[in-house]
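Residue numbers (this note's numbering): 342 to 654.
Put into structure tokens, the structure is as follows:
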């Protein structure tokens with residue numbers, strides 16, 4: 342036999358007329374509330390308040406997933422930014438290298454154009470050479486060129502760049518040569534002041550940007566800005582090549598001469614391409630006799646008859 346219930350509680354869907362009636366009442370109340378809410382929105386404020394109260398619960402429940410997603414995004418973004426930063430630095434480095442190379446090529450093109458123009462304007466036989474080493478010791482100003490005896494280089498050949506005289510060859514090797522610069526402390530070059538025609542000697546000072554003119558007569562007219570040209574004396578440097586420009590004028594310690602300081606015209610510390618002058622043949626002795634100008638011998642007519650008594654040759 343079934344066990345009897347010990348409490349008086351009844352369930353909502355229990356069998357019997359009372360339970361069915363209670364369910365119908367509940368359904369009617371629910372339908373009435375829905376109709377009233379739909380018509381007059383009486384429960385809107387209640388729903389809004391409930392939503393405000395329940396929203397933190399939603400956010401708290403979604404917090405672990407949001408934190409995990411944010412962490413993954415931050416890590417991925419940091420790695421992406423670091424990779425992009427490396428790529429941009431490499432591109433910037435390559436661009437700077439190309440720009441520097443372009444600047445060097447433009448400068449080299451300008452130097453070569455200057456040398457070509459100088460070669461055309463000189464009307465002399467010259468030979469192109471490049472610097473392969475530089476020695477600017479205070480007591481030894483030398484440059485090493487990439488041409489030597491195999492290319493026909495001789496000791497004493499003048500070396501110039503597009504701006505002026507640089508020096509002369511002092512040693513020749515099979516495929517290279519050594520030139521002494523005009524600023525070497527042991528070098529001297531005969532010069533002439535372009536404005537006045539005064540001839541003097543420019544000595545190397547041991548400084549790459551300075552020439553000394555210590556023996557100018559006290560009565561000479563020398564001014565700052567005067568140009569110095571090769572005088573052609575000594576037979577080593579042809580006349581008319583720029584040597585330097587006077588930057589300072591004053592008396593020497595003895596007071597008997599004017600001592601001037603000049604800046605070299607050539608870019609001694611910057612030129613990387615130079616020209617070597619060939620020795621030009623110098624005429625010796627009297628000039629060759631010129632051919633007589635007159636009509637051809639067959640058009641000159643018969644020779645006049647000899648006078649009586651004149652012996653014939």
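Built from N, CA and C at the ideal position, the CB exists for glycine as well.
| Item | Value |
| --- | --- |
| Contact check, residue 523 vs residue 557, beta carbons under 9 Å | no |
| Under the three-state DSSP convention, the category residue 478 falls into | strand |
| Local conformation of residue 431 per DSSP, three classes | helix |
| Rounded C-alpha distance that separates residue 531 from residue 572 | 6 Å |
| Residue burial classification, residue 399 (beta-carbon count within 10 angstroms, cutoff 16) | exposed |
| For residue 471, the three-state DSSP class (helix, strand or coil) | strand |
| Terminal residues of the beta strand (DSSP E) in which residue 507 lies | 506 to 513 |
| Among 570, 618 and 422, nearest to residue 497 - alpha-carbon criterion | 618 |
| Distance between beta carbons of residue 612 and residue 507, contact taken as under 8 Å | 7 Å |
| Cβ contact (3+ pairs, closer than 8 Å) linking the segment 479 to 495 and the segment 510 to 530 | yes |
| Opposing strand residues paired with residue 414 [DSSP bridges] | None; residue 414 has no bridge partner. |
| Span separating the alpha-carbon of residue 601 from that of residue 555 | 6 Å |
| Pick from 562, 359, 386 and 609 that is closest to residue 485, judged by C-alpha positions | 609 |
| Residue 398 (DSSP reduced to helix, strand or coil) | helix |
| Of the residues 451, 431 and 393, the one placed nearest residue 504, counting alpha carbons only | 451 |
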